[in-house]
Amino acid sequence: EEESDQHTVWQLRAEKVLPGGRTLSASGGENDFHGFMRFPFRLCKHLIRSDARSVALRLASPRGGEGEWRLAASLDERELTLLDNGAFERVELVPHPELTRTEVGLNLEATGRAGPVRWVAGGEVRRIAARSGAMLDGDLAEFLGAAFAQGEWRVAPPLSLFAGLRLDTHYDANPALSPFAAVVWVPRPRHTLRLSFNLAHRFPNLYEGRLDYLQEGGNPLKAGRYQGDRDLDPEEVTTWEIGYRAGITPRLTLGVTAYLSEARDNIQMRFVGNFTASDGRILPHYRYANVNDQRTLGWDAEAVWRPGPAWRLFANASQARVEVSGEDLMGEEVLPDLTVNVGVGYRPVRGPFGRVVVHWVGPSDWRLPFYDDTSHRIEPQSRHLSSYTTVDVNLGTTAWEGRLVADLTLTNLLHDRHFEWVINEIDSRVLGRLTLRF
9 EEESDQHTVW
19 QLRAEKVLPG
29 GRTLSASGGE
39 NDFHGFMRFP
49 FRLCKHLIRS
59 DARSVALRLA
69 SPRGGEGEWR
79 LAASLDEREL
89 TLLDNGAFER
99 VELVPHPELT
109 RTEVGLNLEA
119 TGRAGPVRWV
129 AGGEVRRIAA
139 RSGAMLDGDL
149 AEFLGAAFAQ
159 GEWRVAPPLS
169 LFAGLRLDTH
179 YDANPALSPF
189 AAVVWVPRPR
199 HTLRLSFNLA
209 HRFPNLYEGR
219 LDYLQEGGNP
229 LKAGRYQGDR
239 DLDPEEVTTW
249 EIGYRAGITP
259 RLTLGVTAYL
269 SEARDNIQMR
279 FVGNFTASDG
289 RILPHYRYAN
299 VNDQRTLGWD
309 AEAVWRPGPA
319 WRLFANASQA
329 RVEVSGEDLM
339 GEEVLPDLTV
349 NVGVGYRPVR
359 GPFGRVVVHW
369 VGPSDWRLPF
379 YDDTSHRIEP
389 QSRHLSSYTT
399 VDVNLGTTAW
409 EGRLVADLTL
419 TNLLHDRHFE
429 WVINEIDSRV
439 LGRLTLRF
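Going letter by letter, the sequence shown gives residues 9 to 446 in our numbering.
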């Protein structure tokens with residue numbers, strides 16, 4: 009009971025077709041959570057309450073030929089409240105939000121064709137406002153912006169070229185350009201070869217840039233000072249990928265993909281020293297920093313067989329090796345582990361449907377830092393994580409000519425996966441999710 013969580017989500021969406029082929033849609037909802045959550049800057053879980061609300065309005069209109077433009081406006085607000093004061097027990101405090109975050113966004117996107125080239129272009133502007141008396145270094149009211157364009161040129165019937173460019177601006181970092189390019193070749197029907205290159209950036213989030221949190225009492229594993237850094241560089245990730253997908257027979261499809269990803273300036277929490285608390289204890293001081301580079305080499309393969317119109321049998325496997333270099337004080341190194349999924353699904357046009365999937369994750373080895381309260385130093389430790397298996401069962405049905413869909417998913421973890429305080433504990437219990445769509 010002490011570990012039970014309550015998660016409630018609801019959303020309403022309405023759509024109306026206007027004269028001239030235009031479409032207007034509106035949506036609103038709420039996402040509330042009450043339970044235990046590990047913050048990205050904490051080493052233990054906190055009992056929290058999170059209340060999030062959102063509304064959105066979207067308008068789409070044809071713009072001649074094959075083009076369309078879409079305009080969207082959104083408003084999101086979230087309140088985060090700590091309920092345990094850093095202690096192990098459920099100490100219900102006087103509820104007052106520790107952090108309130110409001111985001112207003114405006115997005116404009118257009119699509120069209122210019123000769124043999126199909127294109128999409130657009131931009132977005134977001135204003136983020138955050139208020140906190142104990143978690144941030146001050147109130148925040150800043151703008152984020154982005155502009156993007158992408159084109160597809162079908163050079164010949166079997167060959168297509170893709171290229172794109174995105175410009176992002178951030179209040180705590182310099183603007184960044186992110187290019188994308190791909191080549192898709194179809195040598196014969198049902199066979200596709202794809203080569204792609206992508207350079208992406210991830211900017212510091214609210215915690216990484218503006219955090220300033222001090223805790224001297226309560227759980228000793230949580231005590232310390234945690235700070236962000238407004239001068240962080242954005243993470244830069246370069247990815248090369250090659251993939252081949254082949255329809256061996258009309259019912260059997262095979263695919264394989266290999267990729268190389270290199271990340272620079274990873275943002276992680278770093279131990280920077282100790283300080284003396286007001287009660288005389290020596291506590292650690294952590295700050296977000298660009299601490300290391302990371303290289304990931306991986307592959308994945310899949311097979312899909314359709315013995316009948318409604319039946320689908322599938323299997324996929326993936327494996328990745330992560331190598332970390334640089335100042336790896338608060339990072340980890342993950343050695344190869346293999347992940348395999350095998351399942352069967354039944355989905356007719358109308359009536360009951362279902363799916364059963366077995367997930368298996370192989371063992372892995374981790375290297376991570378640990379703060380020793382006796383020596384007041386970071387001591388690297390190695391841990392072995394055993395394999396585990398989960399089973400997902402999905403059942404549902406359609407009714408009233410397919411206008412109502414009821415969907416129930418149950419997940420059962422067959423092996424405990426407990427990894428001290430670094431990885432969220434998962435118990436062997438059944439988790440359920442019910443979805444109704446009308």
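Positions of the beta carbon are idealized from the N, C-alpha and C atoms, including for glycine.
Practice prompt. Can you give me the Cβ contacts of Tyr354 inside the same chain, cut-off strictly under 7 Å, excluding the 5 residues immediately before and after it?
Written response: Ala318, Trp319, Phe361 and Gly362
Discussion item. Can you confirm whether the segment 232-239 touches the segment 250-269 when touching is taken to mean that 3 or more C-beta pairs between the two stretches lie within less than 8 Å?
Written reply: no
Worksheet item: Where does Arg238 sit, in a helix, a strand or coil, going by DSSP?
Response: coil
Practice prompt. Determine the direct distance from the alpha carbon of Gly130 to that of Leu79, and round the result to whole angstroms.
Written response: 10 Å
Worksheet entry | Span of the alpha helix (DSSP H), counted from its first residue to its last, around Arg259 | Segment: none, Arg259 is in no alpha helix (DSSP H) and carries neither H nor E.
Worksheet item: For His15, does the count of other Cβ atoms within 10 angstroms reach 16, so buried, or fall short, so exposed?
Response: Burial check for His15: the Cβ neighbour count within 10 Å stays below 16, so the residue is exposed.
Worksheet item: CB Ser395 to CB Gly359, shorter than 7 Å?
Response: No, Cβ-Cβ distance for Ser395 and Gly359 is not below 7 Å.
Discussion item. For a test of the three-state rule: what should DSSP assign to Leu214, helix, strand or coil?
Written reply: helix
Discussion item. Need the endpoints of the beta strand (DSSP E) that Tyr296 sits in, please.
Written reply: Ile290 to Trp313
Discussion item. Here's the rule: buried if 16 or more other CB atoms are within 10 angstroms of the residue's CB, otherwise exposed. What is Pro183?
Written reply: exposed
Worksheet item: Should Ala149 go down as buried or exposed, given a rule of 16 or more other Cβ atoms within 10 Å for buried?
Response: exposed
Practice prompt. Return the bridge partner residues of Ser383 from the DSSP annotation.
Written response: DSSP output for Ser383 lists no bridge partner at all.
Worksheet item: Where in the segment 132-207 do unbroken runs of the alpha helix (DSSP H), each at least 4 residues long, occur, reported from the N-terminal end onward?
Response: none
Worksheet item: By a C-beta neighbour count over all protein chains shown, 10 Å radius and 16 as the cutoff for buried, is Gln19 buried or exposed?
Response: exposed
Fill in: Pro27, DSSP secondary structure in three states
helix
Discussion item. Taking the straight line between their C-alpha atoms, what separation do you get for Met143 and Ser333?
Written reply: 31 Å
Discussion item. What would DSSP say about Leu91, mapped onto helix, strand or coil?
Written reply: coil
Discussion item. Using only the alpha-carbon positions, how far apart do Arg162 and Gly73 sit?
Written reply: So the two alpha carbons sit approximately 18 Å from each other.
Fill in: Same chain, Cβ closer than 6 Å to Tyr117, five either side skipped, listed in chain order
One detail in the question is off: residue 117 reads as Glu in this sequence, not Tyr. Closer than 6 Å at Cβ, skipping near neighbours: Arg78 and Gly130.
Fill in: Proximity to Ser62 [Cα-Cα], best of Ser69, Phe41, Ser35 and Leu88
Minimum Cα distance to Ser62 is reached at Ser35.
Worksheet item: Between the Cα of Leu152 and the Cα atoms of Val112, Leu173, Gly123 and Ala171, which residue gives the shortest distance?
Response: Val112
Worksheet item: When the Cα of Asn324 is compared with those of Ser372, Asp308, Thr284 and Arg30, which residue comes out closest?
Response: Asp308
Worksheet item: Below 8 Å, can you find three or more Cβ-Cβ pairs linking the segment 188-200 to the segment 249-267?
Response: yes
Worksheet item: Which of the three DSSP states, helix, strand or coil, is assigned to Ser286?
Response: coil
Worksheet item: Of all the options Pro105, Ala171 and Leu214, which has the alpha carbon lying nearest to the alpha carbon of Ile136?
Response: Leu214
Practice prompt. For Gly130, name the three-state secondary structure that DSSP assigns.
Written response: strand
Practice prompt. Can you grab the Cα-Cα spacing for the pair Ser186 / Ala297, in whole Å?
Written response: 22 Å
Practice prompt. Figure out for me which residue from Thr397, Ser326, Leu26 and Val17 has the closest Cα to the Cα of Ala311.
Written response: Ser326
Discussion item. Going by DSSP, what residue range makes up the beta strand (DSSP E) through His408?
Written reply: Sequence check: residue 408 is Trp here, not His. Trp408 -> no beta strand (DSSP E), and no H or E assigned at all.
Fill in: Own chain residues within Cβ distance below 6 Å of Arg109, not counting five before or after
Arg86 and Ala138
Worksheet item: Out of Glu331, Glu387, Trp408 and Leu321, which has the shortest C-alpha to C-alpha gap to Val365?
Response: Leu321
Worksheet entry | Rounded C-alpha distance that separates Val352 from His367 | 12 Å
Practice prompt. Taking all protein chains shown into account, decide if Ile275 is buried (16 or more other Cβ within 10 angstroms of its Cβ) or exposed.
Written response: Buried.
Worksheet entry | Residues that Ala122 bridges to, as DSSP identifies them | Val125
Discussion item. Does Glu224 come out as helix, strand or coil in the three-state DSSP assignment?
Written reply: coil
Worksheet item: In three-state DSSP terms, what is Val357?
Response: The three-state reading of DSSP puts Val357 in coil, since its state is none of H, G, I, E or B.
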